[in-house]
Each structure stands twice: as C-alpha cells, then as structure tokens.
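> Note that full-length UniProt numbering has the sequence shown beginning at 1, numbered continuously upward. No residue lacks a Cβ here, since even glycine has one placed at the ideal position from N, Cα and C.
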Amino acid sequence: MTSRVVMYCTAVCPYCTMAERLLQNKGVADIQKIRVDLEPQQRELMMQKTGRRTVPQIYIGDTHVGGFDDLSALDRAGKLDPLLQA
C-alpha cells in the first residue's frame, strides 16, 4: 500500500505531467489532484501551506515534497520509495 499523494496542479503544466508520470511508474495508482487553475482559492491555500507559488506542489502523506525537481531528486537519492511506502 502506498501513502496518500496530493498534488496541486494545473491543466497545462508539463512539470505536473512529469510528476504524475514518475509517481505512476512508482506504482501510485491514485493521485488526488487539486486544480489551482479551476479553483483560485486553492492556489491561495497552497501558497499559505507551502510558501511557494509554482505547481506542482506535492504531498506524500503529511510530507511536503515540493515540486517535480524535488520529487525527482528524492527518487535519484533513493528516498522516494520509502516515503511512498511509509
């Protein structure tokens, strides 16, 4: 069983697509997507929670991973799989 994954995203964000693809390749079947382009108030909430304006912003369980570059770096360091399995 994998941890719950939440991703703040937009429809036209290539980094969101790459993050989703990486997570799917890791076996994550269900990603809760929060579309900040459709719900501007969600972008405000995202910015308050993360201190960042850009998407994607990814949470695995209660851990704020950050964006695609952060997610990819975790994977390269071998730390993504344990986080997903926590």
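Could you check the C-alpha separation between L22 and M7 for me, to the nearest Å?
On the sequence shown, residue 22 is found 22 positions in, with the first residue counted as 1. On the sequence shown, residue 7 is found 7 positions in, with the first residue counted as 1. Going by the C-alpha atoms only, they are around 13 angstroms apart.
> Hey, does D30 have any beta-carbon neighbour from chain B nearer than 7 angstroms?
No chain B appears in the structure shown, which is made up of a single protein chain.
> With burial defined as no fewer than 16 other Cβ atoms inside 10 Å of the residue's Cβ, what is the status of V12: buried or exposed?
Against the sequence shown, residue 12 aligns to sequence position 12. V12 should be labelled exposed.
> Give the DSSP-derived three-state secondary structure of T17 in the structure shown.
Within the sequence shown, the letter at position 17 stands for residue 17. DSSP places T17 in helix when its eight states are reduced to three.
> If we call anything under 7 angstroms between Cβ atoms a contact, is A19 one with P56?
Sequence index remark: in the sequence shown, residue 19 carries index 19 (1-based). Sequence index remark: in the sequence shown, residue 56 carries index 56 (1-based). Cβ atoms of A19 and P56: closer than 7 angstroms.
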